[in-house]
Amino acid sequence: MRASTLARTALATAAAAVAGSVATDPADAWYRSLRKPAWQPPSSAFPIVWTALYADLALTSAAALDGLAGRSAAVRRRYRRALAVNLVLNAAWSWLFWRSRRPWAAAAECAVLAASSADLVRRTGQVSPGAGAALAPYALWCSFATVLTTAIARRNPGR
């Protein structure tokens, strides 16, 4: 994998992580007042999991983009667009949930993020089966986040 490709995917992924983290505040009184399912991971788990997943996303996307080097510009552009959309969706969840305080909207958006993540795994796996398999936990976590966000929204009607 080329260092320049990894630098670009790492920068894009870090930008999404920062954009999402700016909106996130687990100490917020509104969030603390929400009823949450007993199976929700502890708050301390989220930054650890997301850091690993973002690193995975940057690495596997760089591998896929380098693997697409011999393909048409249109194919490479479609992959870059899918990655960009995914990163925007990823950051947007935090703004919908934390800043807008709209759990149902965040749950719906998270379902779109999970589908986008699964599509990114598919696209990555077509170029590099190993990288696609390595990216699968990201799609699984986004699916889990959809279920968790929906569970929180259901437990807190009207919020």
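Residue numbering for the sequence shown is -19 to -1, 1 to 140, as defined by mature numbering (1 follows the signal peptide of the UniProt record, and there is no 0).
Cβ coordinates follow ideal geometry from the N, Cα and C atoms, glycine included.
#1: Here's a check: name, in chain order, each residue in its chain whose Cβ is nearer than 8 angstroms to the Cβ of residue 5, leaving out the five neighbours to either side.
#2: With DSSP collapsed to three states, give me the class of residue 21.
#3: Does the Cβ of residue -18 have 16 or more other Cβ atoms within 10 Å, making it buried, or fewer, making it exposed?
#4: Which residue from 20, 56 and 72 puts its Cα closest to that of residue 107?
#5: Counting only the same chain and skipping the five closest in sequence on each side, list residues whose C-beta sits under 6 angstroms from that of residue -10.
#6: In terms of residues, what are the limits of the alpha helix (DSSP H) holding residue 49?
#7: Any idea what DSSP makes of residue 5, helix, strand or coil?
#8: Determine the closest residue to residue 96 out of 82, 31 and 127, with distance taken between C-alpha atoms.
#9: Kindly list the residues whose CB is nearer than 6 angstroms to the CB of residue 134, restricted to its own chain and excluding five residues on each side of it in sequence; keep chain order.
#10: Please return the same chain residues whose Cβ sits closer than 8 angstroms to the Cβ of residue 114, not counting the five positions on each side in sequence.
#11: Beta-carbon separation of residue -15 and residue 43 under 7 angstroms?
#12: Taking C-alpha atoms, which residue in 129, 110 and 99 lies nearest to residue 118?
The answer reads as follows:
#1: 75 and 79
#2: coil
#3: exposed
#4: 56
#5: 39
#6: That residue, residue 49, is in no alpha helix (DSSP H); it is neither H nor E in DSSP.
#7: coil
#8: 127
#9: 84, 85 and 88
#10: 106
#11: yes
#12: 99
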